[in-house]
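Using our numbering, the final residue of the sequence shown is 153, and nothing's skipped along the way. We put the CB at the ideal spot given by N, CA and C, even for glycine. Since this is a predicted model, take the numbers as computed values, not measurements.
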Amino acid sequence: MQQSVALSTAEAEYMALSLCVQEVLWTRSLLKEMQVQINYAVKIHEDNQSAIAIAKNDGYQSRAKHIDIRYHFVREQVKDKIIDLQYTETKSQLADFLTKPISTKKFESLLDKARIRDF
């Protein structure tokens, strides 16, 4: 749950990205306890290019200096290659069919991409 007020869409997306990265780190930790090694960066698909720029670019600091420092650990995870941020257009986000109203054709297409089948 978001506990801060965002001043822009990019900031809101960056805050949500921070929560996602926390979940990735927790999952990696759990897998490590189970002796499952992940030797690659986990891909996170983001549809906001400004949020990606904030996460990947320390030089973006002047425009992002008002963002609470606790969210900037995302930058460290990108820099350390723990996560790999990938831009994905909003219309191609697989999770959208679970949260937003869409056409039947789009729904079926996303079900197929998510590899969800009716048995």
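Cβ-Cβ distance between residue i and residue j below 7 Å
{"i": "A85", "j": "A44", "result": "yes"}
{"i": "T138", "j": "D81", "result": "no"}
Sequence-distant residues of its chain with Cβ nearer than 7 Å to residue i (five each side left out)
{"i": "K77", "result": "D118 and Q120"}
{"i": "L65", "result": "I72"}
{"i": "Q83", "result": "Y121"}
Whole-Å CB distance - residue i paired with residue j, under 8 Å assumed
{"i": "V112", "j": "A87", "result": "With a Cβ gap of about 11 Å, V112 and A87 do not count as contacting."}
Sequence-distant residues of the same chain with beta carbon closer than 8 Å to residue i, five excluded per side
{"i": "C54", "result": "I78"}
{"i": "D146", "result": "none"}
{"i": "R104", "result": "S52"}
{"i": "L59", "result": "Q111 and I116"}
{"i": "R149", "result": "none"}
{"i": "F141", "result": "F131"}
Close beta carbons around residue i, own chain, < 6 Å, minus the five adjacent residues each side
{"i": "T124", "result": "D81"}
**Study point:** Segment contact, 8 Å Cβ cut-off, at least three pairs: the stretch 106-114 with the stretch 124-136
**Key:** no
Check your understanding: Does the pairing of the stretch 117-127 with the stretch 62-70 give three or more beta-carbon distances under 8 Å?
Key -> no
Point to revise | Secondary structure, beta strand (DSSP E): runs of 3+ residues fully inside the stretch 41-118 | key: 76-80
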